[in-house]
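>
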Amino acid sequence: MARIFFIFGGAIFVFLGCVHAIYMLADLRRPRRLVPADPALIQAMASSAVRLSRGGTNMWRAWIGFNFSHALGA
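Sequence positions in the sequence shown follow this note's numbering and run 116 to 189.
#1: What is the rounded straight-line gap between the Cα of residue 174 and the Cα of residue 117?
#2: Taking C-alpha atoms, which residue in 149, 158, 184 and 177 lies nearest to residue 166?
#3: When you compare only the Cα positions, how much space is there between residue 141 and residue 127?
#4: From the DSSP output, which residues share a beta bridge with residue 164?
#5: Evaluate residue 164 with the Cβ neighbour count: other Cβ atoms within 10 Å of its Cβ, from every protein chain shown; 16 or more gives buried, anything less gives exposed.
Okay, structure coming up:
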């Protein structure tokens, strides 16, 4: 019985991780799910560099990477 609960509980996380990844990949083409409600904020994130990367990336790319890493983690 414990094995069934373990598999069922794990399946929920796998399902949610897959949905998260699908939404994130869909947002690359047409942002509408895992994005800020204000479209101006998306532009602000895209134009804001991350200091740690010394201009190598911006906040929008970091946001996409964060969502992708969390989708893989689930």
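All C-beta atoms in this analysis are idealised placements derived from N, C-alpha and C, irrespective of residue type, glycine included.
Taking the definition as stated:
#1: Residue 174 and residue 117 have their C-alpha atoms some 43 Å from each other.
#2: Of the candidates 149, 158, 184 and 177, the one whose C-alpha sits nearest the C-alpha of residue 166 is 177.
#3: Taking the straight line joining both Cα atoms gives about 21 Å.
#4: For residue 164, the beta-bridge partners assigned by DSSP are 173.
#5: With fewer than 16 Cβ atoms within 10 Å of its Cβ, residue 164 is classed as exposed.
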